[in-house]
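Comments concern the structure below.
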Amino acid sequence: MSNHIRKSGYLAGREGQLGAIDELRDAALGGQGTGVLVQGTAGVGKTALLRAACERARRAGAHVVEAQADRLEADCPLGVVRQLFADLTETRSAPGLEELYDRTMALAASRPLVIAVDDLRWLDDASARWLAYLLRRIRHRRVLVLAATSPPADIIDAGLLSRFDHHITLDGLCAEAIVDLAGEVLDTPVEKEFGRACQQATDGTPALVRAVLRAVRDSGRPASCAVLSEVLASPPPEVLTWLRATLATCGSGARTLVEVLMAFGEPVELDLAVATAELATARVAPLTDALMAARLLGQCHGRVALRPPLVQTAALAGLAPGAAQALRARAARLLYSRGAPAADISAHLLRSGPLGEPWAADVLCAVAAQATAEGDTDRALDHLRSALREPMSAQRRSELMVHMGSVQSPADIASAVGYLRRALDIAPDVSVRAGAARRLAGLLCVSERHREGMRVLRNAAESAQDLSPEVAVSLEVEEAVLGMFHLPSPEPALTRLWDRADRTGLADLDDRADRADLDGGPENDALGIYWSVRAMASGRERRQVIRLASRALDHGLAQMDEASLQHPVSVLTLAVSGELHLALHHADHAVGHAHRTRSALGGARALAVRSEVNYRLGRLHDCQNDARACLDTLARFGSRRADGLAMAAAARLADVLVDSGDLDGAGQMIGDVLEGDTVPANLLGMWLLTSRGRLHLANGETRAGMDDLLETGRRLESLRVANPAILPWRSLAGMGYAAVGKKSAARELVAEELALARRWGSERAIGTALRAAGRATKGSAGVVLLREAVDTLARSGDSLEHARALADLGIALRKTNRLADARHHLRQAATFAEQCGGLTLMRLARAELVAAGARSRSEAHCGVASLTPTERRVASLAAGGLSNREISERLFVVRRTVELHLSSAYRKLGIRGRMELPGALIDHA
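In this note's numbering, the protein residues as written are 5 to 929.
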């Protein structure tokens with residue numbers, strides 16, 4: 005008797021089936037004989053059910069005879085009958101059907117008879133004929149025939165099956181039944197979660213459940229889900245024995261197919277699994293039917309997989325070492341030969357180990373590129389690592405290592421640096437080495453290793469000198485620009501580059517009459533970028549600077565890769581030159597390119613540049629969003645102060661906070677980036693120093709503000725930067741002097757700035773200087789200067805600086821008692837300032853309006869007119885049906901930025917959500 009059947013005949017989880025058999029048995033005891041066939045997969049508990057039913061029949065007073073059919077005895081005539089009737093062993097000749105029937109009825113004469121036959125499918129033919137003969141003649145006899153069989157049922161004569169009046173099909177045990185059974189086996193109650201976990205792992209198959217429960221008991225530890233997980237991870241030996249026996253009953257090829265499915269590890273197309281297993285076509289249908297009937301194979305949406313999880317683990321344990329990888333490799337080759345999608349092939353390549361075939365690397369790289377585009381960095385890295393294990397040329401390997409270095413950062417800068425260094429060592433192509441050098445230098449810079457980054461660029465330039473002069477020049481330009489941005493004294497690099505510029509004629513470009521005829525080849529494009537930076541710094545040749553920067557951008561030279569500084573430098577040059585909308589166009593393009601290529605470093609730098617352009621346009625909300633996104637991205641690399649452009653972005657963010665009235669926030673931002681009071685003595689560090697000076701002035705700390713601004717001037721002079729369009733420190737310092745009554749010093753500074761601004765020629769620089777000059781000049785002369793500033797800045801594209809000039813003019817007019825004219829300009833200043841997000845200026849303009857005799861009004865504006873340009877654009881796109889994700893992709897911003905703009909728009913328009921946007925925009929238009 006099975007050890008899980010009580011002497012009473014109780015069987016956990018089978019109460020319903022036993023109850024049905026009891027009813028049929030009682031009827032048979034009353035003279036209504038019948039046959040009951042129990043069906044189910046291997047291990048589902050058919051034998052246990054029969055034994056429990058027989059035990060209960062004995063307790064009810066029946067005479068019970070039992071037999072077990074066997075595959076090895078299927079050819080022995082009357083083998084099962086001889087087990088049932090022991091006296092037949094003494095009979096030499098086989099009895100006929102009538103004689104056997106008479107003997108059966110003789111046994112049933114004295115008391116009711118129960119005949120139980122297990123594993124009916126292996127019944128020998130003679131015994132099968134006797135059983136069929138008997139089943140047709142027991143309807144009014146006190147005989148109950150119980151039989152059990154496993155699928156497939158087609159190996160049993162259909163006529164015999166049809167003679168059983170009742171069929172019972174067994175499924176796996178439910179979780180509640182397993183809890184009950186576990187209590188018996190473990191002799192202690194278990195939690196429901198334990199039962200559910202065991203049921204999911206075994207599909208409720210009693211043979212597997214009992215094996216697992218015994219293993220839990222033998223562990224000597226209290227039953228828990230954790231202990232169960234350990235047992236399931238290393239299946240008990242009896243589970244492996246059960247699996248081998250079950251597969252043997254399914255026919256030839258079953259074990260091979262199961263090994264293939266286990267090697268795949270996930271649902272797979274049946275034809276691929278069959279082809280990998282190299283099975284004959286004729287065997288496929290019967291084999292899969294047998295495995296599915298045995299509940300070892302599951303099918304969904306045309307794919308098949310092993311089930312349940314315990315069987316998967318047991319099948320894996322039975323695989324020979326290396327077998328899974330070999331099967332995966334075979335599957336990959338089959339899929340490749342069929343032209344399957346790269347993602348399907350790569351799923352097997354990742355687990356097969358190196359194939360040693362060129363196409364494998366191609367497939368893996370294709371999937372890696374797609375994963376990179378989708379932002380799935382981990383998946384891209386997995387595929388690239390596998391691709392690098394395949395054989396390939398040094399050229400291809402170096403290209404992959406460069407790609408690997410780009411994808412690896414910022415998650416693991418050290419590994420990324422290692423890949424890029426190896427790419428530099430092995431790359432036979434000078435352009436690949438140049439790309440690796442730029443990326444490596446970029447990563448070293450964000451790791452605060454600027455000089456090391458410059459050495460990498462210099463060494464790469466020297467090695468490229470004889471092979472490709474244009475690449476060498478580009479790397480030298482990169483080194484020089486990096487030095488200008490990050491080092492306080494980059495002279496060695498600048499001297500080498502200027503010597504080269506002198507040899508090409510670019511150094512004396514301002515003395516040449518035929519500037520338009522300058523050769524536009526790649527070498528001069530790179531040198532042109534550098535020359536335009538030098539000319540911009542000195543404040544000369546604005547038109548030529550614009551032409552050279554635009555040409556480099558149009559030729560695509562400046563956007564070589566994510567790590568190159570040439571593109572951001574060219575865009576900044578356009579912005580400083582006053583070509584703000586052209587600069588914004590190129591900045592948008594750079595942000596979009598970085599978004600599409602998932603370049604974190606390139607994206608951070610592009611955002612830093614766009615934040616600068618947006619600030620110069622007076623778009624404070626956009627500037628703030630870009631600057632924050634830049635700093636958040638660079639924080640993933642480490643210190644936010646490491647990259648010079650990051651310091652510029654932080655400075656502009658602080659400027660926006662000052663303009664918005666959040667002086668504490670501005671101070672916190674500057675403090676976070678500086679990590680102390682020392683400002684880096686490089687060019688872009690001057691942005692921070694200037695911003696800190698502005699903050700001090702706004703806080704009424706005039707002396708500290710003047711110290712910072714004048715120190716900015718000294719440092720810029722040491723770097724030979726005279727152009728006020730870069731940083732108008734003289735104007736700011738002049739207004740500081742004026743605030744403390746030092747009018748003469750103020751006029752001297754602003755006069756110098758105005759002269760330099762006129763020499764440079766950009767309207768923004770001239771207008772800013774005129775505004776400062778007007779503030780430093782009393783009376784009508786000051787008004788004249790401020791009017792000129794307003795007119796000039798109206799053409800500059802900078803809405804915020806224009807609003808500042810309007811406010812200053814309105815204040816000056818009020819002080820000269822021209823109140824109507826003052827109110828006109830102050831109203832304009834308040835409106836423009838609000839649209840820009842300059843709350844500090846807006847409040848000042850409104851206060852001056854009241855002082856000029858205007859009626860006081862609330863600051864809480866509403867309607868479409870109160871929307872900033874970006875809020876209006878986002879709201880219009882949302883009203884047109886675009887989702888937040890689609891808007892973020894179109895505007896090249898993060899989704900959170902879109903959400904913030906929409907929330908602000910809803911508040912100003914007085915609506916609750918995007919469904920009301922179309923009507924609100926029309927009603928308020």
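Glycine included, C-beta positions come from ideal geometry on N, C-alpha and C.
Keep in mind the model is a prediction, meaning the values are calculated, not measured.
If you draw a straight line from the Cα of Gly422 to the Cα of Arg850, it is about 59 Å long. Taking the CA atoms as reference points, Ser664 sits about 20 Å from Ile815. Fewer than three pairs of CB atoms, one per stretch, sit closer than 8 Å, so the stretch 50-59 makes no contact with the stretch 98-113. A distance below 9 Å separates the beta carbons of Leu853 and Leu830. Per DSSP, the unbroken alpha helix (DSSP H) holding Thr577 starts and ends at 570-580. Note: Ala71 is bridge-paired with Val121 in the DSSP secondary-structure output. Excluding five sequence positions before and after Arg383, the CB atoms of its chain that fall closer than 7 Å to its own CB belong to Ala375, given in chain order. Excluding residues up to 5 positions away in sequence, Gly255, Ser256, Gly257 lie with their Cβ nearer than 8 Å to the Cβ of Arg287 in the same chain. Distance from the CA of Ala344 to the CA of Ala441, rounded to the nearest whole angstrom, comes to 37 Å. A Cβ-Cβ contact shorter than 9 Å links Ala415 with Arg640. Leaving aside the five residues that flank Leu479 on each side, the residues in its chain whose CB is nearer than 7 Å to its CB run, in chain order, Ala438, Ala441, Leu461, Ala464, Ala465, Ala468.
About 40 Å separates the beta carbons of Ser766 and Ser887, which is beyond the 8 Å limit, so they are not a contact pair.
The C-alpha of Met408 lies about 7 Å from the C-alpha of Ala420. Secondary structure of Arg640 (DSSP, three-state): coil.
In the DSSP annotation of this structure, His144 is not part of any alpha helix (DSSP H), being labelled neither H nor E. Remark: C-beta atoms of Ser603 and His590 do not approach each other more closely than 9 Å. Less than 9 Å divides the Cβ of Glu838 from the Cβ of Ser870.
Between Arg307 and His597, the alpha-carbon positions lie close to 39 Å from each other. By the Cβ criterion, the stretch 316-332 is in contact with the stretch 233-245, since at least three pairs of Cβ atoms, one from each stretch, lie closer than 8 Å.
By the Cβ rule, the stretch 40-51 does not count as touching the stretch 78-86, because fewer than three pairs are nearer than 8 Å. Secondary structure of Gln672 (DSSP, three-state): helix. In the displayed model, Gln374 falls within a helix according to three-state DSSP. Contact between Leu165 and Ile119 fails: their C-beta atoms lie close to 16 Å from each other, not under 8 Å. Where Val315 is concerned, the enclosing alpha helix (DSSP H) starts and stops at 313-321.
Secondary structure remark: continuous alpha helix (DSSP H) runs of at least 4 residues inside the stretch 213-259, in chain order: 229-237, 241-254. Closest in C-alpha terms to Arg145, from the list Leu117, Trp126, Ser154, comes Leu117. Taking C-beta atoms under 8 Å as the contact rule, Ala833 and Arg779 fail to qualify, at a distance of about 14 Å. Considering only Arg115, Gly100, Ala73, the residue with the shortest C-alpha distance to Ala61 is Arg115. Taking a cut-off of 8 Å for Cβ pairs, the stretch 654-673 and the stretch 687-706 touch, as three or more such pairs fall below it. In the displayed model, Ala309 falls within a strand according to three-state DSSP.
When DSSP states are grouped into helix, strand and coil, Cys178 belongs to the coil group. If you ignore the 5 residues before and after Ala708, its C-beta comes within less than 6 Å of the C-beta of His700, all in its own chain and listed in chain order.
Here the alpha carbons of Arg546 and Met540 stand approximately 7 Å from one another. Secondary structure remark: continuous alpha helix (DSSP H) runs of at least 4 residues inside the stretch 255-294, in chain order: 258-268, 274-281. A contact is defined here as three or more CB-CB pairs under 8 Å, and the stretch 875-882 fails this definition with respect to the stretch 611-623. Residue pairing by DSSP places Cys202 in no beta bridge whatsoever.
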